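2 protein chains.
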Amino acid sequence: MIPKSYRQVVLARRPPGEPAESDFRVEEVAMPVPGTNEVLVRVVYMSLDPYMRGRMREQASYAKPVGIGEVMEGGTVGEVVQSNNPAFKAGDVVEGRLGWREYGLSPGHNLRLIDRTLAPISTANGILGMPGMTAWFGLYEIGQPKPGETVVVSAASGAVGQTVGQLAKISGCRVVGIAGGAKKCAFVKDELGFDAVVDYKAGRLDADLQAACPNGIDVYFDNVGGTVTDAVIPLLNFWARVPLCGSISAYNAEKPEMGPRLLWPMVGRRVRMQGFIVSDFAPFFDPARRRMGDLVRSGLLKYKEDIVEGIERAPRAFIGLLRGENFGKLQVKLGPEPGK
Amino acid sequence: MIPKSYRQVVLARRPPGEPAESDFRVEEVAMPVPGTNEVLVRVVYMSLDPYMRGRMREQASYAKPVGIGEVMEGGTVGEVVQSNNPAFKAGDVVEGRLGWREYGLSPGHNLRLIDRTLAPISTANGILGMPGMTAWFGLYEIGQPKPGETVVVSAASGAVGQTVGQLAKISGCRVVGIAGGAKKCAFVKDELGFDAVVDYKAGRLDADLQAACPNGIDVYFDNVGGTVTDAVIPLLNFWARVPLCGSISAYNAEKPEMGPRLLWPMVGRRVRMQGFIVSDFAPFFDPARRRMGDLVRSGLLKYKEDIVEGIERAPRAFIGLLRGENFGKLQVKLGPEPGK
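Protein sequence lines, in the order shown, are assigned to chains A and B.
Residue numbering for the first sequence follows our numbering, beginning at 1 and increasing consecutively.
Residue numbering for the second sequence follows our numbering, beginning at 341 and increasing consecutively.
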């Protein structure tokens, strides 16, 4: 049943700006045999996330870069096909960080058993996984929204943004999304129920955002940086909080782009900006995941996935993600879901 | 004993960039007679502070602007010369916000009686006044320094900066000041005892700052913004704190200048930036002032003042302050200190 080889995607070279497909290489490698305590996993869903661009750089950011010729890093959901570890058995569905590959070997301790009764297994890469945890902890621990406040989130139809906005709505806030293009904007407003949405591609960002936020902005959950964030800063209220989750607009830049200096307005308005990485909150994931699972099953929290099939399509899909071409949580499906 | 008139400085027009002396006007006005509960104060020391530039603008920042023809706002230390208020009597020395004038009338409730046994009365405009409180609360409440951490402060010889650095030393930190010119730098290192100082005018800011901070930067107390802050950002450690106290480099600008975008580096390093205004902590000033008074009297906390004489010199001195020409806490002395 287990094939003799599988495919994986390695970093072929470090792109100087926007990555090209040639910066990646699809390789066929021999199937490993699990050693003592090891677990062999067949990957079903492979997550593609903006942070991966940082791993392609020479210099370490908050994590060590992927080496040239090494498999791209990333979260995965898969089926245990062989296990020498007493904690796992064949057929178990597990979440782990196995990277861009069809099969992966794990020492077991970094795998998490997924309860399939909670939600579709792909959500372990999405709303009940890293992006969902990012939304929950960034919004509540750093954003600290209060009922009636205005919460703005950029990349609002993305994996993190869609969850941030819906959670803020559940918490009694007025929620404004920023997204690119009519289709994403309609989804954010009509499907997710945000109070308003602003299309940053429509060419009137400052005016549209101001119109959408008549009472200013109390929490800005920043996924993008750049000119979108420039438009938000002047609207921040006294004591506003800005969870800094990502700056996708900067990920392909070789050196920081220039933008208007934004520190002075922050002084008098007591704005607090705080960078965070979701793993800071890892000890608290389980209870948050239970609460979010309840919200998903009750229908209060929706999620949209964008699923591409086949590992060979991963590089192209990832490049599109950095361009904002995905629509919802981007994943690559590598094979069938295991039977229940 | 009380003259029939006194001088005051009003805002003559709103400067488009760097203020000129002609943006101010010195007026002679009739001495007022205190009404019910009112107190007449002869100003001895008039504080000049960078925040005053914000009050000269049309748009409100965190406080309402000074109107054209209105007296410039500001902190003062003076002697009560006439009082219809039971809380004050002639001869009392008081701190208040009477503005740029030789005499001022107060309803009393916003005057604070100064205990002359604690320290020279001019310190009520300086290390035991607004700038000292700014240093204390910005450093401790927002910067949260821990022993062994590296604390960097810009405008290090200024009213706030000199106090921030000395407090951080007392708290067991390695302290690096950034100041302009050899004289200020020598003062910061030799007189105030900072561990290192960097001259931002020497043309090697990035390299000098890196050399002065071999373990990176844990707290950056920002008084200046602009290119000095640009040099600090890349050196911030994981979980660094940045109290945003002011951005003097931007105060004369009509619109935000451009600078390198700095949000992305903040994400992974979990940098927290927080603007604050000293008055947020007003309910807690008294105990902080007592602690700082103890430190001043014990000689652990030094202060340097830059005192100009005569109200007619205030506009020129204020323009110089925005250029960094002052050396220590800038004040204008309007008349003799009252006899004890």
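Don't be surprised by glycine CBs; every beta carbon is placed ideally from N, CA and C.
All of these numbers come straight from a predicted model, not from anything done at the bench.
Tryptophan 604(B): contacting residues in chain A (beta-carbon distance under 7 Å): Within chain A, the residues near tryptophan 604(B) are Gly225, Ser247 and Ala250.
Glycine 505(B) versus valine 417(B): straight-line alpha-carbon distance, rounded: 25 Å
Beta-carbon proximity list for aspartate 548(B), same chain, < 8 Å, skipping 5 on both sides: Val538, Asp539 and Ala542
Contacts that proline 600(B) makes with chain A (C-beta to C-beta distance below 7 Å): Pro256 and Met258
Where phenylalanine 364(B) sits in the DSSP three-state scheme: strand
3 or more residues per run - each beta strand (DSSP E) lying fully within the stretch 386-470 of chain B: 416-423, 433-436 and 443-446
At least three beta-carbon pairs within less than 8 Å, the stretch 120-130 of chain A to the stretch 85-95 of chain A: yes
Segments assigned beta strand (DSSP E), at least 3 residues, entirely inside the stretch 251-330 of chain A: 258-260, 272-275 and 305-309
Those residues which DSSP pairs with glycine 177(A) across a bridge: Glycine 177(A) is bridged by DSSP to Val153(A) and Val197(A).
Cβ separation of valine 383(B) and arginine 441(B), assumed to be a contact under 8 Å, to the nearest whole Å: 6 Å
Cβ-Cβ distance between leucine 263(A) and leucine 603(B) below 9 Å: no
Chain B contacts from the stretch 225-245 of chain A (Cβ-Cβ distance under 8 Å): Gly225, Gly226, Thr229, Phe238, Leu244 and Cys245
contact_flag[the stretch 515-529 of chain B, the stretch 471-484 of chain B] where n(CB pairs < 8 Å) is 3 or more: Proximity of the stretch 515-529 of chain B to the stretch 471-484 of chain B falls short of the contact definition, fewer than three beta-carbon pairs being nearer than 8 Å.
Beta carbon proximity, aspartate 49(A) to chain B, threshold 9 Å: no
Within 9 Å, strictly: CB atoms of proline 600(B) and glutamate 18(A): Going by C-beta atoms, proline 600(B) is not nearer than 9 Å to glutamate 18(A).
Endpoints, the beta strand (DSSP E) within which isoleucine 557(B) is located: 557-561
Bounding residues of the alpha helix (DSSP H) (the contiguous stretch that carries alanine 580(B)): Unbroken run through alanine 580(B) is the beta strand (DSSP E), 576-584; no alpha helix (DSSP H).
Endpoints, the beta strand (DSSP E) within which leucine 11(A) is located: It spans 5-11 - the beta strand (DSSP E) in which leucine 11(A) sits, taken as one unbroken run.
Distance, glutamate 410(B) Cα to glycine 685(B) Cα: For residue 685(B) there is no data in the structure shown, the boundaries of chain B being 341 and 680.
Short CB-CB distance (under 9 Å) between tyrosine 540(B) and chain A: no
Min CB distance arginine 57(A) to chain B below 9 Å: no
Beta-carbon gap between glutamine 614(B) and leucine 575(B) smaller than 9 Å: no
Local conformation of lysine 189(A) per DSSP, three classes: Here DSSP, grouped into helix, strand and coil, assigns lysine 189(A) to helix.
Closer than 9 Å to chain A by CB, phenylalanine 616(B): yes
8 Å Cβ cut-off: residues of chain A touching arginine 330(B): Summary: the structure shown does not reach residue 330(B), with chain B confined to residues 341 through 680, and so no result is reported for it.
Selected residue, minimal CA-CA separation from alanine 30(A), among Val153(A), Ile311(A), Pro338(A) and Tyr103(A): Tyr103(A)
Glycine 54(A) at chain B interface by Cβ criterion, 9 Å: Yes, its Cβ sits closer than 9 Å to a Cβ of chain B.
Contact belief for valine 379(B) with valine 420(B) at Cβ below 8 Å, rounded distance in angstroms: Valine 379(B) to valine 420(B), Cβ: 6 Å. Contact.
Three-way DSSP call (helix, strand, coil) for lysine 146(A) in this model: coil
Own chain partners of proline 485(B) with C-beta closer than 6 Å, once the 5 adjacent residues on each side are dropped: The beta carbon of proline 485(B) sits closer than 6 Å to the beta carbons of Val491, Ala508, Ser511, Cys513 and Val559 from its chain, once the five residues preceding and following it are set aside; these are given in chain order.
Per-residue burial, valine 648(B) [other beta carbons within 10 Å of its own, 16 or more giving buried]: buried
According to DSSP, residues forming a beta bridge with alanine 30(A): Ser5(A)
Valine 41(A) - partner residues in DSSP beta bridges: In the DSSP assignment, valine 41(A) is bridged to Val80(A) and Gly104(A).
Among Glu398(B), Gly375(B) and Pro372(B), the one whose alpha carbon lies nearest that of alanine 352(B): Glu398(B)
Coil, strand or helix - valine 224(A) by DSSP: For valine 224(A), the secondary structure class from DSSP, reduced to helix, strand or coil, is coil.
Per-residue burial, arginine 393(B) [other beta carbons within 10 Å of its own, 16 or more giving buried]: With 16 or more Cβ atoms within 10 Å of its Cβ, arginine 393(B) is classed as buried.
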